[in-house]
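Okay, so here's the structure we're looking at.
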Amino acid sequence: MIYIKCDAQNQIQDITFSETEGYIESSVFDPQVKAFLQNTQNEELIKEVLNKLDLDMVRVIEDMVDLMIEKRLILFTDLPQPVQNKLLFKRSLRESLNPEISLIDDEETLNF
Numbered sequence: 013m014i015y016i017k018c019d020a021q022n023q024i025q026d027i028t029f030s031e032t033e034g035y036i037e038s039s040v041f042d043p044q045v046k047a048f049l050q051n052t053q054n055e056e057l058i059k060e061v062l063n064k065l066d067l068d069m070v071r072v073i074e075d076m077v078d079l080m081i082e083k084r085l086i087l088f089t090d091l092p093q094p095v096q097n098k099l100l101f102k103r104s105l106r107e108s109l110n111p112e113i114s115l116i117d118d119e120e121t122l123n124f
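Residues are numbered in the working numbering as their position in the sequence shown, beginning at 1, plus a constant of 12.
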């Protein structure tokens with residue numbers, strides 16, 4: 013999320029990425045936000061916005077890879093090993109944050 017602070021003429025004065033008193037929620041795709049960012053001399057702010065967008069884009073790409081694997085357009089093993097490792101690691105971290113209902117009791121084990 014992006015939050016903006018406007019003056020009395022409703023012109024953006026500042027942007028932040030954390031909920032802050034006096035700031036309202038907005039979007040980087042809002043024309044006013046876009047104009048503010050294109051005209052700012054604050055390189056750090058521009059870099060921060062680009063980093064946030066890159067992080068969002070990474071998640072979109074991960075979802076697209078998952079979808080292509082699910083639809084059998086590509087095989088997981090077609091991906092380079094480092095990519096496989098990163099995807100598996102990130103997936104396991106996400107699952108640890110949002111564990112789904114397990115079909116196997118904690119006491120059960122699978123033997124192969």
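All C-beta atoms, glycine included, are put in the ideal place defined by N, C-alpha and C.
Would you identify the three-state DSSP class for residue i, choosing helix, strand or coil?
| i | result |
| --- | --- |
| V25 | Note that residue 25 corresponds to Gln in the displayed sequence, not to Val. DSSP places Q25 in strand when its eight states are reduced to three. |
| E74 | helix |
| S38 | strand |
| K102 | helix |
| I86 | coil |
Hey, would you say residue i sits closer than 8 Å to residue j, going by beta carbons?
| i | j | result |
| --- | --- | --- |
| L99 | E82 | no |
| S38 | Y15 | yes |
| Q44 | I24 | yes |
| Y35 | K17 | yes |
By alpha-carbon positions, which one of the options ends up nearest to residue i?
| i | options | result |
| --- | --- | --- |
| N54 | T28, L67, P43, N22 | T28 |
| L62 | M80, F41, D90, V77 | F41 |
| V95 | N22, D26, D78 | D78 |
| R106 | L85, T89, R71 | R71 |
| E31 | M13, P92, N22 | M13 |
Looking only at its chain, what residues have a beta carbon closer than 7 Å to the beta carbon of residue i, apart from the 5 residues adjacent to it on each side?
| i | result |
| --- | --- |
| K161 | Only positions 13 to 124 of the chain appear in this structure, which leaves residue 161 out of reach. |
| F88 | I81, Q96 |
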